[in-house]
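Asker: Those protein sequence lines, which keep their order, are chains A and B.
Take 1 as the starting number for the first sequence in the working numbering and just add one per residue.
Take 342 as the starting number for the second sequence in the working numbering and just add one per residue.
Protein chains: 2
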Amino acid sequence: MTDTAPRPTLEAVAARAGVSRATASRVVNGGDGVREPLVARVRRAVEELGYVPNQAARSLVTRRHDAVAVVIAEPETRVFADPFFALQLRGISKELTAHDNQLVLLLTEGRDDHARVGRYLAGGHVDGALVFSLHLDDPLPGLIQRAGVPTVFGGRPGWSEDSGGAVYVDSDNRGGAREAVQHLVGLGRTRVAHITGPLDQTSAADRLEGYRDVMGDADPGLVVESDFTPAGGERAMRELLERHPSPDAVFAANDLTASGALRVLRERGRRVPEDVALIGFDDMLPVAEQTDPPLTTVRQDIEEMGRLMARLLLRGGAEQGVEGAPSSVVLPTTLVRRASA
Amino acid sequence: MTDTAPRPTLEAVAARAGVSRATASRVVNGGDGVREPLVARVRRAVEELGYVPNQAARSLVTRRHDAVAVVIAEPETRVFADPFFALQLRGISKELTAHDNQLVLLLTEGRDDHARVGRYLAGGHVDGALVFSLHLDDPLPGLIQRAGVPTVFGGRPGWSEDSGGAVYVDSDNRGGAREAVQHLVGLGRTRVAHITGPLDQTSAADRLEGYRDVMGDADPGLVVESDFTPAGGERAMRELLERHPSPDAVFAANDLTASGALRVLRERGRRVPEDVALIGFDDMLPVAEQTDPPLTTVRQDIEEMGRLMARLLLRGGAEQGVEGAPSSVVLPTTLVRRASA
DNA sequence: ACAGGTCGTGAGAGCGCTCTCGACTCAGGG
DNA sequence: CCCTGAGTCGAGAGCGCTCTCACGACCTGT
Numbered sequence: 001m002t003d004t005a006p007r008p009t010l011e012a013v014a015a016r017a018g019v020s021r022a023t024a025s026r027v028v029n030g031g032d033g034v035r036e037p038l039v040a041r042v043r044r045a046v047e048e049l050g051y052v053p054n055q056a057a058r059s060l061v062t063r064r065h066d067a068v069a070v071v072i073a074e075p076e077t078r079v080f081a082d083p084f085f086a087l088q089l090r091g092i093s094k095e096l097t098a099h100d101n102q103l104v105l106l107l108t109e110g111r112d113d114h115a116r117v118g119r120y121l122a123g124g125h126v127d128g129a130l131v132f133s134l135h136l137d138d139p140l141p142g143l144i145q146r147a148g149v150p151t152v153f154g155g156r157p158g159w160s161e162d163s164g165g166a167v168y169v170d171s172d173n174r175g176g177a178r179e180a181v182q183h184l185v186g187l188g189r190t191r192v193a194h195i196t197g198p199l200d201q202t203s204a205a206d207r208l209e210g211y212r213d214v215m216g217d218a219d220p221g222l223v224v225e226s227d228f229t230p231a232g233g234e235r236a237m238r239e240l241l242e243r244h245p246s247p248d249a250v251f252a253a254n255d256l257t258a259s260g261a262l263r264v265l266r267e268r269g270r271r272v273p274e275d276v277a278l279i280g281f282d283d284m285l286p287v288a289e290q291t292d293p294p295l296t297t298v299r300q301d302i303e304e305m306g307r308l309m310a311r312l313l314l315r316g317g318a319e320q321g322v323e324g325a326p327s328s329v330v331l332p333t334t335l336v337r338r339a340s341a
Numbered sequence: 342m343t344d345t346a347p348r349p350t351l352e353a354v355a356a357r358a359g360v361s362r363a364t365a366s367r368v369v370n371g372g373d374g375v376r377e378p379l380v381a382r383v384r385r386a387v388e389e390l391g392y393v394p395n396q397a398a399r400s401l402v403t404r405r406h407d408a409v410a411v412v413i414a415e416p417e418t419r420v421f422a423d424p425f426f427a428l429q430l431r432g433i434s435k436e437l438t439a440h441d442n443q444l445v446l447l448l449t450e451g452r453d454d455h456a457r458v459g460r461y462l463a464g465g466h467v468d469g470a471l472v473f474s475l476h477l478d479d480p481l482p483g484l485i486q487r488a489g490v491p492t493v494f495g496g497r498p499g500w501s502e503d504s505g506g507a508v509y510v511d512s513d514n515r516g517g518a519r520e521a522v523q524h525l526v527g528l529g530r531t532r533v534a535h536i537t538g539p540l541d542q543t544s545a546a547d548r549l550e551g552y553r554d555v556m557g558d559a560d561p562g563l564v565v566e567s568d569f570t571p572a573g574g575e576r577a578m579r580e581l582l583e584r585h586p587s588p589d590a591v592f593a594a595n596d597l598t599a600s601g602a603l604r605v606l607r608e609r610g611r612r613v614p615e616d617v618a619l620i621g622f623d624d625m626l627p628v629a630e631q632t633d634p635p636l637t638t639v640r641q642d643i644e645e646m647g648r649l650m651a652r653l654l655l656r657g658g659a660e661q662g663v664e665g666a667p668s669s670v671v672l673p674t675t676l677v678r679r680a681s682a
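(1) What residues match up with glycine 154 (chain A) in a beta bridge as DSSP calls it?
(2) Please list the partners that histidine 466 (chain B) has in chain A, where partner means a Cβ-to-Cβ separation under 9 Å.
(3) Decide yes or no for the touch test of the stretch 592-601 of chain B against the stretch 444-456 of chain B: beta carbon pairs closer than 8 Å, at least 3 of them.
(4) Relative to the C-alpha of alanine 397 (chain B), which candidate in A:Ala45, A:Asp127, A:Ala115 and A:Gly188 has its C-alpha closest?
(5) Taking only three categories from DSSP, how would you classify glutamine 661 (chain B)?
(6) Quick check on threonine 674 (chain B): buried or exposed, where buried means 16 or more other Cβ atoms within 10 Å of its Cβ?
(7) The beta strand (DSSP E) with arginine 640 (chain B) in it runs from where to where?
(8) Which residues in chain B sit within 7 Å of serine 59 (chain A), going by Cβ to Cβ distance?
(9) Determine whether the beta carbon atoms of arginine 338 (chain A) and proline 294 (chain A) lie at a separation below 9 Å.
(10) Could you have a look at serine 501 (chain B) and say whether DSSP puts it in helix, strand or coil?
(11) Does the beta carbon of glutamate 660 (chain B) come closer than 9 Å to any beta carbon on chain A?
(12) Just how far apart, CA to CA, sit valine 169 (chain A) and arginine 299 (chain A)?
(13) Could you tell me the distance, in whole angstroms, from the CA atom of glycine 372 (chain B) to the CA atom of valine 380 (chain B)?
(14) Assuming glycine 551 (chain B) contacts arginine 515 (chain B) under a Cβ cut-off of 8 Å, what Cβ separation, rounded to an integer in Å, is found between them?
(15) Counting only C-beta atoms, is phenylalanine 85 (chain A) closer than 9 Å to chain B at any point?
(16) Report yes if the C-beta of glutamate 575 (chain B) is less than 8 Å from at least one heavy atom of the ligand ZN; otherwise report no.
(17) On a Cα-Cα basis, can you pick out the residue from A:Pro198, A:Val276 and A:Thr190 that is closest to alanine 341 (chain A)?
(18) Output the residue ranges of the beta strand (DSSP E) runs that lie fully inside the stretch 416-477 of chain B and measure 3 residues or longer, sorted by chain position.
(19) Examine chain B for any beta-carbon lying closer than 9 Å to the beta-carbon of aspartate 113 (chain A), and answer yes or no.
(20) Which residues mark the beginning and the end of the alpha helix (DSSP H) in which alanine 231 (chain A) is found?
(21) CB histidine 183 (chain A) to CB isoleucine 92 (chain A), shorter than 9 Å?
(22) Closer than 9 Å, CB to CB, is alanine 440 (chain B) near chain A or not?
(23) Which bits of chain A does alanine 463 (chain B) rub up against, with CB to CB less than 8 Å?
(24) Assign asparagine 395 (chain B) to buried or exposed, taking buried as 16 or more other Cβ atoms, counted over all protein chains shown, within 10 Å of its Cβ.
(25) For the stretch 407-417 of chain B against the stretch 458-475 of chain B, are there 3 or more C-beta pairs whose distance is under 8 Å?
(26) What span of residues does the alpha helix (DSSP H) with alanine 554 (chain B) cover, start to end?
(27) In whole angstroms, give me the CA-to-CA distance for valine 223 (chain A) and threonine 196 (chain A).
(28) Quick one: any contact between the stretch 606-614 of chain B and the stretch 641-658 of chain B, if contact means 3 or more CB pairs under 8 Å?
(29) Less than 8 Å between C-beta atoms, sequence neighbours within five positions excluded: which residues of the same chain meet that for glutamate 234 (chain A)?
(30) Using alpha carbons as the reference points, say which of A:Arg178, A:Ser171, A:Asp172 and A:Thr151 lies closest to glycine 165 (chain A).
(31) For arginine 243 (chain A), which of A:Asp282, A:Ala205, A:Val192 and A:Pro273 has the nearest alpha-carbon?
(32) Can you tell me whether aspartate 623 (chain B) is buried or exposed? The criterion is at least 16 other CB atoms within 10 Å of its CB, across all chains shown.
(33) Assuming leucine 60 (chain A) is part of the alpha helix (DSSP H), what are its boundary residues?
(34) Could you name the residues of the same chain whose beta carbon sits closer than 7 Å to that of aspartate 172 (chain A), not counting the 5 residues immediately before and after it, in chain order?
(35) Can you tell me which of the three DSSP states glycine 538 (chain B) falls into?
(36) In angstroms, rounded to a whole number, what distance separates the CA positions of leucine 446 (chain B) and phenylalanine 426 (chain B)?
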């Protein structure tokens, strides 16, 4: 498959520049402690030969790979339709690129893959891992931590309360939810419903907590579990409208859910926000801005989360658990007021 | 989580098994030409020590990396909302995993990144590349081909007509579109409209060609350019309904567009399919099945496309009875009849 | 002037692995 | 009986790079 022309080596560069391999190496790696005329000569030689360092040889001696694994534990196709991962990936990619790191993508599907991923990570092929695991009962995070690879989680891992030391980046789901519900209450709404996400995901659970912080568990009939999808939102909204009294406000666990709920509300002739005020979560632009009316929602900067995960991992470097060790970050959310509430 | 224990080397395995490093290597790589008792001894040593080959050292001598780059040229955030890439990625990932290859993800954003990607690929860090480039004027594909890396494109590259030798995997967009439109005509519809995708993408352009194969360019007023999004579909549908006479059938360039169009049709009180028959493209399940009425659409197996791309790259083209040189594959589509047409 | 330091450079030792090549063994044929 | 050849195995030479270390050149201060 490979019939590439022989690539120039450092040796060749050194020869052309009339210096030793050691000096050429120094220049390629920043050029500290090399006098200017030589630096220039080597740089030119690199340019002329089109030299690119052989990463394998470099890794062999440095024991660094300048590569980070991104693990997405994703048994369900559905979630792919959510731009959430894509945006985080983009943030991660940008940050890694800025630090000349490569992104090795590991998608898992079922338990067999877990072993494979564990083996890969333990094999020391990458300098660290960024892990997305949605579900509370996922064994993958534990497996990975045991592999002894520096790791940053995307979203608070469900089990992390006691097995401290897990570094993660998350949005302030609870605080954001609280703010949304408080806003609805401030509007004078009294029957504020909540359409949740899948409650085995911490983000959904945390948003429910935020809702309860304000509403208490007063009327459990106002809470309907759903699944973060538009169709699920429709279903949940129908269910809510059948209850008595039906809500005068709805806090949906994400924008997709809110868009589904909105569709049902209009179909049933309820005016938004006059009859029912509606708030979403995420501020996913193509969704939130183009609904009618545009969605009031809780914004979280998803791409920034990704960027931060990468930054945390890279900064933590090879020495995890040492004093400079990174600690988790919870990003603030902001309420974006549009027309729906 | 202190210092990572030094990983065992082949040398250590050999010592424990009482053989030479060469023999240990042979066993690790399949064990051909080594007598059974030794094979077993080495295998046990590997097990006991938890030995994992050092990929860097291996690559250094073999010049293979067992890694494939996936390049997604993506200037626009929008497209991420499309599960299209995600599904292809999943297919690719599965196939690569099955062959013990790693997936290195390269996302590009703007021209600066092109140079970076070119350099990376030319640097010989991966055995091949799978490239997604949507737009006709994208310089990336050319750049990559010049890098001399085995490459398979996802979707027909726009420029490939003359610069032959580009290997790609695509759906039969034109044929699928033709079948859809023929179906509409077969239903007795005479004013069949087409809401296109962005016409600088070959998939959208090919679907338009398929439409024209059946309808000719008779009434250019029946063709509206759009952008593969639900909101775009709404806009285009509104535009179509204002025309005289308004269409009695619509072929939308993808399901997302169709769902937007459907929303407008219902809003305006047009019955589907009685007044206006509607067909989409993709058979994206969460969308196509859950619309009301469920969408008749042209199915393409997106995940299979990804899998095939990877297979083509890894096997150098010796796929599906194709002899010798790798050649492109165009996958057939199938019309899925549901209620909308 | 010389001892002691700093700085810039090159020589060379590996990093862990694969792979060639030669040594050795054991059949079987001449 | 030796010779040939196939089958096993080990010794050792790198793959391309980084990094330590030694060495010479050049400063300082006395």
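Don't be surprised by glycine CBs; every beta carbon is placed ideally from N, CA and C.
If you're wondering where the values come from, they're calculated on a predicted model, not measured in any experiment.
Answerer: According to the data block:
(1) A:Val169
(2) Val52, Asn54, Gln55, Ala56 and Gln102
(3) With fewer than three CB-CB distances shorter than 8 Å, the stretch 592-601 of chain B does not count as touching the stretch 444-456 of chain B.
(4) A:Asp127
(5) Legend: pLDDT at glutamine 661 (chain B) = 37, less than 50; position of this residue unreliable, value from coordinates given subsequently. Coil, per DSSP.
(6) buried
(7) 637-640
(8) Ala397
(9) A distance below 9 Å separates the beta carbons of arginine 338 (chain A) and proline 294 (chain A).
(10) Low local confidence applies: a pLDDT of 49 at serine 501 (chain B) is under 50, so the model's placement there is unreliable, and no value is given.
(11) With a pLDDT of 36 at glutamate 660 (chain B), under the threshold of 50, the modelled position of that residue is not reliable, and the figure given next carries that caveat. No, no contact with chain A.
(12) 16 Å
(13) 7 Å
(14) Glycine 551 (chain B) to arginine 515 (chain B), Cβ: 4 Å. Contact.
(15) With 9 Å as the cut-off, phenylalanine 85 (chain A) counts as an interface residue toward chain B.
(16) As far as ligands go, the structure on display features none, and thus does not contain the ligand ZN.
(17) Nearest of A:Pro198, A:Val276 and A:Thr190 to alanine 341 (chain A), Cα basis: A:Val276.
(18) 443-449 and 469-474
(19) Taking Cβ atoms only, chain B reaches closer than 9 Å to aspartate 113 (chain A), which makes this a yes.
(20) 230-241
(21) no
(22) A small fix is needed here, since residue 440 (chain B) is histidine in this sequence, not alanine. No, histidine 440 (chain B) does not count as interfacial toward chain A.
(23) Gly50 and Val52
(24) Its Cβ being crowded by 16 or more others within 10 Å, asparagine 395 (chain B) is buried.
(25) yes
(26) The question names alanine, yet the displayed sequence has aspartate at residue 554 (chain B). 543-556 is the span of the alpha helix (DSSP H), which, as asked, contains aspartate 554 (chain B).
(27) When rounded, the distance between both Cα atoms is 7 Å.
(28) no
(29) Excluding residues within five positions, the ones whose Cβ falls inside 8 Å are Gly260, Ala261, Arg263 and Val264.
(30) With distances taken between Cα atoms, glycine 165 (chain A) lies closest to A:Thr151.
(31) Distance check between arginine 243 (chain A) and each of A:Asp282, A:Ala205, A:Val192 and A:Pro273 places A:Val192 closest, using alpha-carbon atoms only.
(32) buried
(33) 55-62
(34) Val330, Leu331, Pro332 and Thr333
(35) The answer is coil: DSSP assigns glycine 538 (chain B) none of H, G, I, E or B.
(36) 12 Å
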